[in-house]
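*Asks:*
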Amino acid sequence: MDEVTTTAPAKAILFGEHAVNRGQAAIAVGVGLHMRCTVRRGGYPYHLQTAGHARTFTRDEVISLGEQVDRWREAAHYEAIRELAARDYFAPAKYIIAHALRNIPTIKDGLDITFQSAIPKSGGLGSGGAANTALAMALAAFASDFDMNSSAQRRTIGEWAYAGDVIAHGGVASALDTQTSLLGGVVRYTREAWGERIPVAPGLQLVIGDTGVRAQTSEVNAHVRAWLAVDVARMRYFEMIGALSDIAQEKLEIGDWRLLGRLMNMNQLVLDKIGVSCPELERLIDAAIGAGALGAKLSGSGGGGIMTALVTDEAREAVAVALRNAGAHAVYMPDIAVPGARIEARQ
Ligand code: MEV
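See below:
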């Protein structure tokens, strides 16, 4: 095989951001905006390209980055990982390639890797997680024993994709974003069990508003870690969010959207308390609720980025208009619970 193209969807977190990094359950959905990744044999020895960024680098550089990051992870040296994420745009991709090189002896030559994205960057929709998932799947497809239907193979892809998010999120990450992008649908995730698709009643609808404010997940995560370190009793806020995720799972299954919306509002209250909301998010959330959304909260790491509103058919348009009027940088009404990552073409 000389070339493979994969696509992976964006994600929106319905419940559990930040709490998921502290052992709590989270629920996220696949969102119908996609990242496409093409990996081609050739290049010198590796060439990575995405809109606005291009880099060529050697095999040795990838291998030594992989070993260095492994050591930092082992030593919980998050500051070093955060600095790497800030200075090297392609560090997550290189770390995934390092994993592939350790496991797929047939990848000997160079690779040309191109990303094409319809997912806004650093906005909470998981563009990084989708890129990492799409790349991990494409590289795995170069193995001679590759079989998309094997659960062991999917686990490997999940682990490589997650490794990329560990860098992008500044050393500590859950695999919530990458598992949602890999599995699609509606996913319940815990650190112990990883992702599983859960049943959901028909009719789940979201309108997503982007504040246009950008905050790096690695920075917001570091801020949350510092906030929690001040007083361990603050852990109760993350536990509250975990309880909301558990109740939400039942409500999703039976389609009790009214109660689900209220649970989202409670989750938002706790996220605000943790310090990851901001005036721009609150303005959009108020506008959505004012226009008839059943519930609304920030989605992703916060500090800016997107909010998501749970809507009925009747309120959908009005919520979108209200978000635009309240200054949303962009409004999305995408398909929700879309299928997960897949191989689009191979030759
Ligand atoms: C980011 O999409 C979700 C966070 O919980 C970080 C993570 O899970 O690694 C904020």
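In case it helps, the numbering used here puts the sequence shown at residues 1 to 347.
Just so it is clear, CB atoms sit at the ideal spot from N, CA and C, and this is done for glycine as well.
For residue 188 versus residue 13, is the C-beta spacing smaller than 8 angstroms?
*Replies:* No, Cβ-Cβ distance for residue 188 and residue 13 is not below 8 angstroms.
*Asks:* Mark residue 249 as exposed unless 16 or more other C-beta atoms lie within 10 angstroms of its C-beta, in which case mark it buried.
*Replies:* Buried, by the Cβ-count rule.
*Asks:* In the DSSP output, which residue or residues are listed as bridge partners for residue 208?
*Replies:* DSSP, once it has assigned bridges, lists 308 and 332 as partnering residue 208.
*Asks:* Cα separation between residue 70 and residue 156?
*Replies:* Spanning the two alpha carbons is a distance of roughly 17 angstroms.
*Asks:* Would residue 186 pass as an interface residue toward chain D - the criterion being a Cβ-Cβ separation below 8 angstroms?
*Replies:* This model lacks chain D altogether, as it is built from one protein chain only.
*Asks:* Any heavy atom of ligand 1 closer than 7 angstroms to the beta-carbon of residue 126?
*Replies:* Yes, the beta carbon of residue 126 sits closer than 7 angstroms to at least one heavy atom of ligand 1.
*Asks:* According to the neighbour-count rule (16 or more other Cβ atoms, all chains shown, within 10 Å of its Cβ), is residue 210 buried or exposed?
*Replies:* So residue 210 ends up on the buried side.
*Asks:* Going residue by residue through the region 40-118, where are the continuous alpha helix (DSSP H) segments of at least 4 residues, counting only ones entirely within it?
*Replies:* The region 40-118 contains these whole alpha helix (DSSP H) runs: 59-74, 78-87 and 91-103.
*Asks:* In this structure, how does DSSP classify residue 339 when only helix, strand and coil are distinguished?
*Replies:* Looking at residue 339 - three-state DSSP - the assignment turns out to be strand.
*Asks:* Tell me the DSSP secondary structure of residue 198 in three-state form.
*Replies:* In the structure shown, residue 198 sits in coil (DSSP, three-state: anything other than H, G, I, E or B).
*Asks:* What span of residues does the alpha helix (DSSP H) with residue 251 cover, start to end?
*Replies:* 235-254 is the span of the alpha helix (DSSP H), which, as asked, contains residue 251.
*Asks:* Taking DSSP as the reference, what is the three-state secondary structure of residue 191?
*Replies:* In the structure shown, residue 191 sits in coil (DSSP, three-state: anything other than H, G, I, E or B).
*Asks:* Please return the same chain residues whose Cβ sits closer than 8 angstroms to the Cβ of residue 246, not counting the five positions on each side in sequence.
*Replies:* Cβ neighbours of residue 246 beyond the five flanking positions: 25.
*Asks:* Taking the C-alpha atoms as reference points, what is the distance between residue 191 and residue 177?
*Replies:* Computed Cα separation, rounded: 12 angstroms.
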